[in-house]
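Residue numbers (our numbering): 511 to 757. Just so it is clear, CB atoms sit at the ideal spot from N, CA and C, and this is done for glycine as well. Keep in mind that this is a model prediction, so the values were computed, not measured.
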């Protein structure tokens, strides 16, 4: 299982527990996030991150795996499935999306402010602002009605966990994050040859951008799975998606 940035596998623990009765679940911390060391040098694309995933899969023996990825993790799963189709039996994606080049450039221009520690602690205040608004607006810095994706105030515990993830990742928190944004293109997903399920949860933060993939002329091995509002509906749909693969 591959998590969103700048979070870690800890973010996936509730889903891991839900799936554990049916699957042996392994969740990784992407290099530079959670408890994983960063890559030795900044990367120009996702390949070095995918290489780490490949090393982990190789260490797990002669098996075939289902990959799950959410947001940044979704793009890592896409690229892993393309590079290791012999060991990836299927892929489940959440918060996969499609952006135009203009949208991508505009979003990335303001999405990743500097969080280098400041003596006055202003970087913590900024991290809190990002974390809170991420669950209310997309992109987080656009607080217009058009950018609103949720009316409810996010749970304080969720905001705190997200702030802590930003601070733990440090000033380089955007490394994999940026590369994943750059990879959010239908043609990248279209190159996946293994069976793939793209989740369309009604409460998903990027639902509007994910829906674009339905109309992107993707191959038949890529299917869409709808899930109603609410976390229970999401979990049930995810479990059914995993169980739909041949085992």
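Check                                                                                                              : Outcome
Collapsed DSSP secondary structure at residue 687 in the structure displayed                                       : helix
For residue 651, three-class secondary structure by DSSP                                                           : coil
CB of residue 512 within 8 angstroms of CB of residue 578, strictly                                                : yes
Inter-residue spacing [alpha-carbon to alpha-carbon] between residue 693 and residue 585                           : 7 angstroms
Neighbour-count burial assignment, residue 644, 16 or more Cβ in a 10 Å radius                                     : buried
Outcome for residue 580 when other beta-carbon atoms lying within 10 angstroms are tallied against a minimum of 16 : buried
Residue span of the beta strand (DSSP E) that contains residue 673, given as start and end                         : Not the beta strand (DSSP E): residue 673 falls in the alpha helix (DSSP H), residues 666-679.
Cα-Cα separation between residue 716 and residue 617, rounded to whole angstroms                                   : 13 angstroms
Exposed unless 16 or more other CB atoms sit within 10 angstroms - verdict on residue 566                          : exposed
The region 723-732 touching the region 618-627, judged by at least three CB pairs closer than 8 angstroms          : no
Every unbroken beta strand (DSSP E) inside the region 586-659 [3 residues or more]                                 : 598-604
Residue 575, DSSP secondary structure in three states                                                              : strand
Contact set for residue 574: own chain, Cβ-Cβ below 6 angstroms, skip 5 residues either direction                  : 597 and 599
Run of the alpha helix (DSSP H) containing residue 732, from where it starts to where it stops                     : Premise fails: residue 732 lies in the beta strand (DSSP E), 732-737, not in any alpha helix (DSSP H).
Proximity of residue 732 and residue 706 at Cβ, strictly below 8 angstroms                                         : yes
Counted within 10 angstroms of its Cβ, other Cβ atoms place residue 741 as buried (16 or more) or exposed          : exposed
6 angstroms CB neighbourhood of residue 673 in its chain, flanking five on each side removed                       : 637, 638 and 641
Classification of residue 555 by the beta-carbon crowding that lies within 10 angstroms, buried from 16 upward     : exposed
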